[in-house]
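Residue numbering for the sequence shown follows UniProt numbering, beginning at 1 and increasing consecutively.
We treat Cβ as the ideally placed atom computed from N, Cα and C, and that holds for glycine.
If you're wondering where the values come from, they're calculated on a predicted model, not measured in any experiment.
Notes for the one structure printed next.
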Amino acid sequence: MGYSEIYSGWKADPEGFWMQAAGAIDWVKAPSKALFAEKAPLYEWFTDAEVNTCWNAVDRHVAAGRGNQVAIIHDSPITHSAREITYAELKDRVAGLAGALKAKGVAKGDRVIIYMPMVPEALEAMLACARLGAIHSVVFGGFAAHELAVRIDDAKPKAIIAASCGLEPGRVVHYKPLVDAAIEQAKHKPDFTLIFQREQETAKLVPGRDFDWHEAQAGVEPADCVAVEGNHPAYILYTSGTTGAPKGVVRATAGHLVALNWTMKNIYNVEAGDVFWAASDVGWVVGHSYICYAPLIAGATTIVFEGKPVGTPDAGTFWRVIEDHKVKSFFTAPTALRAIKRDDREGEFIKKYDISSMQALFLAGERADPDTITWAQTHLKVPVIDHWWQTETGWAIAANPIGIEELPVKIGSPSVAMPGYDVQVLDEGGHPVKPGTLGAIAVKLPLPPGTLPTLWNAEERFRKSYLNHFPGYYETGDAGYVDEDGYLYIMARTDDVINVAGHRLSTGAMEEVLASHPDVAECAVIGVADQLKGQMPVGFLCLNKGSKRDHADVVKECVKLVRDQIGPVAAFKLATVVDRLPKTRSGKILRGTMVKIADGEDYKMPATIDDPAILDEITVALGGLGYPADRG
1 MGYSEIYSGW
11 KADPEGFWMQ
21 AAGAIDWVKA
31 PSKALFAEKA
41 PLYEWFTDAE
51 VNTCWNAVDR
61 HVAAGRGNQV
71 AIIHDSPITH
81 SAREITYAEL
91 KDRVAGLAGA
101 LKAKGVAKGD
111 RVIIYMPMVP
121 EALEAMLACA
131 RLGAIHSVVF
141 GGFAAHELAV
151 RIDDAKPKAI
161 IAASCGLEPG
171 RVVHYKPLVD
181 AAIEQAKHKP
191 DFTLIFQREQ
201 ETAKLVPGRD
211 FDWHEAQAGV
221 EPADCVAVEG
231 NHPAYILYTS
241 GTTGAPKGVV
251 RATAGHLVAL
261 NWTMKNIYNV
271 EAGDVFWAAS
281 DVGWVVGHSY
291 ICYAPLIAGA
301 TTIVFEGKPV
311 GTPDAGTFWR
321 VIEDHKVKSF
331 FTAPTALRAI
341 KRDDREGEFI
351 KKYDISSMQA
361 LFLAGERADP
371 DTITWAQTHL
381 KVPVIDHWWQ
391 TETGWAIAAN
401 PIGIEELPVK
411 IGSPSVAMPG
421 YDVQVLDEGG
431 HPVKPGTLGA
441 IAVKLPLPPG
451 TLPTLWNAEE
461 RFRKSYLNHF
471 PGYYETGDAG
481 YVDEDGYLYI
491 MARTDDVINV
501 AGHRLSTGAM
511 EEVLASHPDV
521 AECAVIGVAD
531 QLKGQMPVGF
541 LCLNKGSKRD
551 HADVVKECVK
561 LVRDQIGPVA
571 AFKLATVVDR
581 LPKTRSGKIL
591 RGTMVKIADG
601 EDYKMPATID
611 DPAILDEITV
621 ALGGLGYPAD
631 RG
């Protein structure tokens, strides 16, 4: 069956579709039905089932006789090392760690915060929690102490599992002092911490509170898998860039297993024994879904990569990893590709490696601009698949499901809605708009399995954030349109649709035009307040490495490009060249913060910002354009 038949089959019988998908999971007690709508609009999936995630991700592969297959490859260009862990080894390591946690009182329903770098032990910590039915919350390693403290107070963990340090190119990031400061600041105090000592730095342990990772496991009985209910939370993940109280996305266990398992073959065309690599971090949703859980549930080999797309040591490191480990399916963020493209416009590094094992490249996390996709298609010579999803959904809302059928690629579109998602484009009144019309993208309820059922201890906030604006729908917060063929186009966050003299315009569409300029490596467009027109667009341009062009000429050409391709209605007249753009560690451009600087408003330093100094550079650049303007 092709995509259309499968999507239509889901729409005609969603219950049958998801019960069939559930057949691929090992249940302690199988679900009697898929959807539980008793608490609508707070829907649940497979609630009456009993299951264990760790069993499905690890033990069952060993039980099936595939214990000698490699489960995890750790590749660290920073430490110049690579190592492999088989499924049998992983089972022993996870059961031992779970035994240590159990011996110290961690049980089903307890929360555990994990604060780790990109090492296999981070995945082992997640799986050990899942083994016991404990609810983990991974906080991006190196996060500021205050932000960690806020999450400690929200999740109230019984334990914190951390590493002594993380590694960045040229420096060691001291994790333990951040953990100590966070515990000091937090009102809630964990019972204990478990510290994985890395050879690059040995952390000081507080007697009676801090325990060594290995010593805590010595002489302890390995723990068995604990069955949990289908709606039992697997984890809490705090969304990046939160202001005020953090927003803890909850992932329910059974739906998470069923949905992620379905995606591996159908979306990524990855099966047991294949090598899958998501170049992300365990602190983000991609790291949860596609570094840790989905590849292991499917019995594939997953790669844990400790490095950067450029600088560890150069713009060829991704292609070297693909050659070394025979990666079949590769997933990264457009921002990583743009960094590589900026350093290697002609793709010279790609030619140095044999990447013939790679069958497809998947992009998500930021809008994939056409210029970056075209560059990747030209040099990698594989399908370049943009797909769209969110921390809240946990897996793709829209994608090109190459495991079912490779649909024609339309550059600029993440293709079509996946089974489970009835995607609609709505006007402000909540009415569906015609194809080609820009509007708010929403998903008709219920959301599919694997998506968030609520926020941690914040049901009212969940309703207000996602359900109340368009009753009967989940509000994605993204704006875009659907074309005549049902292909979706994500143009901007709803906040990034600007109103210029009454015209609703997408900053994403302008960025697409600017990115097509041969000298522009990366760009951002924001809407700044304007007395006459309401808002005016301002562009920020990062040029390719080695570009000798006069900045004023590039700006002039970019202004003309937008005028020619979008029209005078965009009123695009102001742009400036900058060295870099302010981003979160996951690569999202902080457009909202840039707007506040331009409009002279106070702003909170985003917790996830990669380098706070960039905001000073943006402030200077905006000053050169006359912002914040004196509004009299």
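- Residue environment for G439: buried (at least 16 other C-beta atoms within 10 angstroms of its C-beta).
- Residue burial annotation: R93 is buried, with at least 16 other C-beta atoms found within 10 angstroms of its C-beta.
- Counting only runs that start and end inside the stretch 227-300, the alpha helix (DSSP H) elements of at least 4 residues fall at 253-266, 294-297.
- Between T253 and V28, the C-beta spacing is not below 8 Å.
- T437 and G527 have their C-alpha atoms roughly 20 Å apart.
- Proximity to A63 across L90, Y43, G105, I373 peaks at L90, based on C-alpha coordinates.
- The beta-bridge partner set that DSSP reports for I609 consists of T584.
- For the 8 Å CB-CB criterion, A298 and N261 form a contact.
- Assigned with DSSP and collapsed to three states, W388 falls in strand.
- Judged by DSSP secondary structure, P537 falls within the beta strand (DSSP E) whose first and last residues are 534-543.
- Secondary structure of C225 (DSSP, three-state): coil.
- Three or more beta-carbon pairs drawn from the stretch 517-532 and the stretch 581-593 are found closer than 8 Å, and the two stretches are therefore classed as touching.
- Contact holds between the stretch 482-494 and the stretch 398-417, because three or more Cβ pairs, one in each stretch, are under 8 Å apart.
- The beta strand (DSSP E) runs of length 3 or more contained entirely in the stretch 430-475 are, from start to end of the chain, 439-444.
- Inside the stretch 474-520, DSSP marks whole beta strand (DSSP E) runs of 3 or more residues at positions 488-493, 497-500, 503-506, from first to last along the chain.
- Secondary structure at E406: coil, using DSSP grouped into helix, strand and coil.
- Minimum Cα-Cα distance from L581 among the listed residues V569, P612, K596 corresponds to P612.
- Rounded to whole angstroms, the separation of the alpha carbons of A34 and Q20 is 10 Å.
- For P446 against A259, the beta-carbon gap comes to about 13 Å, at or over 8 Å, which does not count as contact.
- Restricting attention to V179, H387, D153, D344, the CA atom closest to the CA of S164 is found in V179.
- Excluding the 5 residues flanking it on each side, V443 has same chain C-beta neighbours closer than 8 Å at I397, Y421, D422, V423, Q424, Y473, Y474, T476, in chain order.
- Straight across, the Cα-Cα distance linking N269 with P401 is about 8 Å.
- Rounded to whole angstroms, D153 and T239 show a C-alpha spacing of 16 Å.
- A Cβ-Cβ distance of about 11 Å is found for the pair I160 and H136, leaving them out of contact under the 8 Å criterion.
- Secondary structure at I355: coil, using DSSP grouped into helix, strand and coil.
- A direct Cα-to-Cα measurement between K588 and G365 gives close to 7 Å.
- Rounded to the nearest whole angstrom, the C-alpha separation of R563 and V569 is 8 Å.
- Taking a C-beta distance under 8 Å as the contact criterion, L361 and I340 do not qualify as a contact pair.
- If you look at E168, you'll find it in the beta strand (DSSP E) that goes 165-168.
- Boundaries of the alpha helix (DSSP H) around L148: 145-155.
- When F540, D483, T317, Q535 are compared, the shortest CA-CA separation from E511 is found for F540.
- When DSSP states are grouped into helix, strand and coil, R171 belongs to the strand group.
- Cβ-Cβ distances below 6 Å link R60 to D26 in the same chain, with the five nearest sequence neighbours on each side left out; the list follows chain order.
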